[in-house]
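Asker:
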Amino acid sequence: IEIQAPKKAATAATSTRLVGADAVIELKNVTKAFGQKTVLDDISLDVMSGEVVSVIGPSGSGKTTLIRTINALQDIDSGSIRFHGDDWIDTERGYRLVQSFHQDVVHLGMVFQSFNLFPHKTVLENIVMAPSYHGMGSTAELEQKALDTLAKVGMSVHARKYPHQLSGGQKQRVAIARALAMEPKVMLFDEPTSALDPELVGEVLQAIELLASEGMTMVIVTHEMRFATRISDRIVMMEDGQMVAKVTKEELFAAAPDSRIKKFMEQSE
Ligand code: ADP
């Protein structure tokens, strides 16, 4: 199914998004332990094309580990992770990294809590580096594209600055632009606002919301409950390595006040 999400302003957008019937990411029975501690306990989750899934739950429940396994930054003990039906990791058959992954299967963009920009490179250089390495265009083309992407996150005037000249919110918006430069089909966010001063959170959430409005498939680990409710098609809750709730936005609103997920969301506000 082709998803053609309308380009609209972020504020009006999320309700008009279309979620496809095809899974872009499939996690099946994923298990991971660190020593004696099971951090991912038989996790299964399908992320559909165009879907925004938020992962919530208490600290230490396995959220970061989960999102890192999707990007193969973390190996798993058992289970499988597939993209568009292609194996990325399948512990039954041994590890296999799909060769064409970085060309045309699925691009995954990742945004980390701590920005991870290259400190000795300008904003523009940070963004152009990976697509240039992968031969995705001439320097002039890639710079123009980078400037367009920076404009989208409100950062084009800072293109020639270095990371240390930027606020945390600005750095994170550059990190988002950098991930977008690889033209990902899926964006993964690992607590993108938790290292930010409260007054800088909004500008980053707004940038993420704009991507949602454009139909980007996303998995977002977040503590921002209001944001999660507003932006997500589905919210999953982790507790002690288990996925204890998987609900659509409608189910969340309809859930009984004493349900696990609603309680957690209210306590976390
Ligand atoms: P969350 O993102 O929900 O806070 P994490 O996925 O970061 O949870 O961590 C889940 C549990 O796994 C925690 O108890 C954490 O201490 C442990 N853990 C995470 N990464 C490692 C690691 N590399 N080695 C050992 N334990 C780890």
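Quick note: the sequence shown uses full-length UniProt numbering, first residue 230, plus one each step. No residue lacks a Cβ here, since even glycine has one placed at the ideal position from N, Cα and C. Note that the coordinates shown come from a computational prediction; the quantities given were computed from them, not determined experimentally.
1. To the nearest angstrom, report how far apart L269 and N258 are at their CA atoms.
2. Please go through the same chain and pick out, in chain order, the residues whose beta-carbon is closer than 7 Å to the beta-carbon of N355, but skip the five residues on each side of it.
3. To the nearest angstrom, how far is it from the Cα of V430 to the Cα of G398?
4. In whole angstroms, what is the alpha-carbon distance linking I449 and I285?
5. For E453, collect the residues of the same chain with a Cβ closer than 8 Å to its Cβ; drop the 5 residues on either side in sequence, then sort them by chain order.
6. Could you check what DSSP says for K257 in three-state terms: helix, strand or coil?
7. Please find out if some non-hydrogen atom of the ligand ADP comes closer than 7 Å to the beta-carbon of S290.
8. For the ligand ADP, any of its heavy atoms closer than 7 Å to the Cβ of G431?
9. Closest to residue 219 by CA distance: which of A375, L417, T368 is it?
10. Of all the beta strand (DSSP E) runs that stay within the bounds of the stretch 414 to 476, which reach a length of 3 or more residues?
11. DSSP three-state call for A484: helix, strand or coil?
12. Just to confirm my understanding: we take D469, look at its own chain, exclude 5 residues before and 5 after, and list those with CB closer than 8 Å. What are they?
13. Using three-state DSSP, classify A262 as helix, strand or coil.
14. Quick check: is any heavy atom of the ligand ADP less than 7 Å from the C-beta of F263?
15. Taking C-alpha atoms, which residue in E420, I460, D251 lies nearest to T451?
Answerer: With the structure as the only source:
1. Counting from one through the sequence shown, the residue named residue 269 turns up at place 40. Counting from one through the sequence shown, the residue named residue 258 turns up at place 29. So the alpha carbons of these two residues sit roughly 9 Å apart.
2. For the purposes of this step, residue 355 is identified with residue 126 of the sequence shown, where counting begins at 1. Short of 7 Å from the beta carbon of N355, and not among the five residues preceding or following it, lie these beta carbons of its own chain, in chain order: L346, F347, V403, R407.
3. In the sequence shown, the residue the question calls residue 430 occupies position 201. In the sequence shown, the residue the question calls residue 398 occupies position 169. When only Cα atoms are considered, V430 and G398 end up about 7 Å apart.
4. Mapped onto the sequence shown, residue 449 falls at position 220. Mapped onto the sequence shown, residue 285 falls at position 56. When rounded, the distance between both Cα atoms is 9 Å.
5. Position 224 of the sequence shown holds residue 453. Around E453: T422, V430, L434.
6. Within the sequence shown, the letter at position 28 stands for residue 257. Reduced to three states, the DSSP call for K257 is strand.
7. Stepping through the sequence shown from its first residue, residue 290 is reached at position 61. Yes, Cβ of S290 sits closer than 7 Å to a heavy atom of the ligand ADP.
8. As a first step, residue 431 is located in the sequence shown; it is residue number 202 there, counting from the start. Answer for G431: no, Cβ out of range of the ligand ADP.
9. No statement about residue 219 is possible, as the shown extent of the chain runs from 230 to 498 and does not include it.
10. When DSSP assignments are scanned along the stretch 414 to 476, the uninterrupted stretches of beta strand (DSSP E) that are 3 or more residues long and fall wholly within it turn out to be 415 to 419, 446 to 450, 463 to 468.
11. Position 255 of the sequence shown, counted from the first residue, corresponds to residue 484. In the structure shown, A484 sits in coil (DSSP, three-state: anything other than H, G, I, E or B).
12. Taking the sequence shown and counting its residues from 1, the one referred to as residue 469 is at position 240. Excluding residues within five positions, the ones whose Cβ falls inside 8 Å are D270, S290, G291.
13. Residue numbering aside, residue 262 sits at position 33 when the sequence shown is read from its first letter. The answer is strand: DSSP assigns A262 an E or B state.
14. Start at 1 with the first residue of the sequence shown, and residue 263 comes out as number 34. Distance from the C-beta of F263 to the nearest heavy atom of the ligand ADP is below 7 Å.
15. Taking the sequence shown and counting its residues from 1, the one referred to as residue 451 is at position 222. Residue E420 is the option with its Cα nearest to T451.
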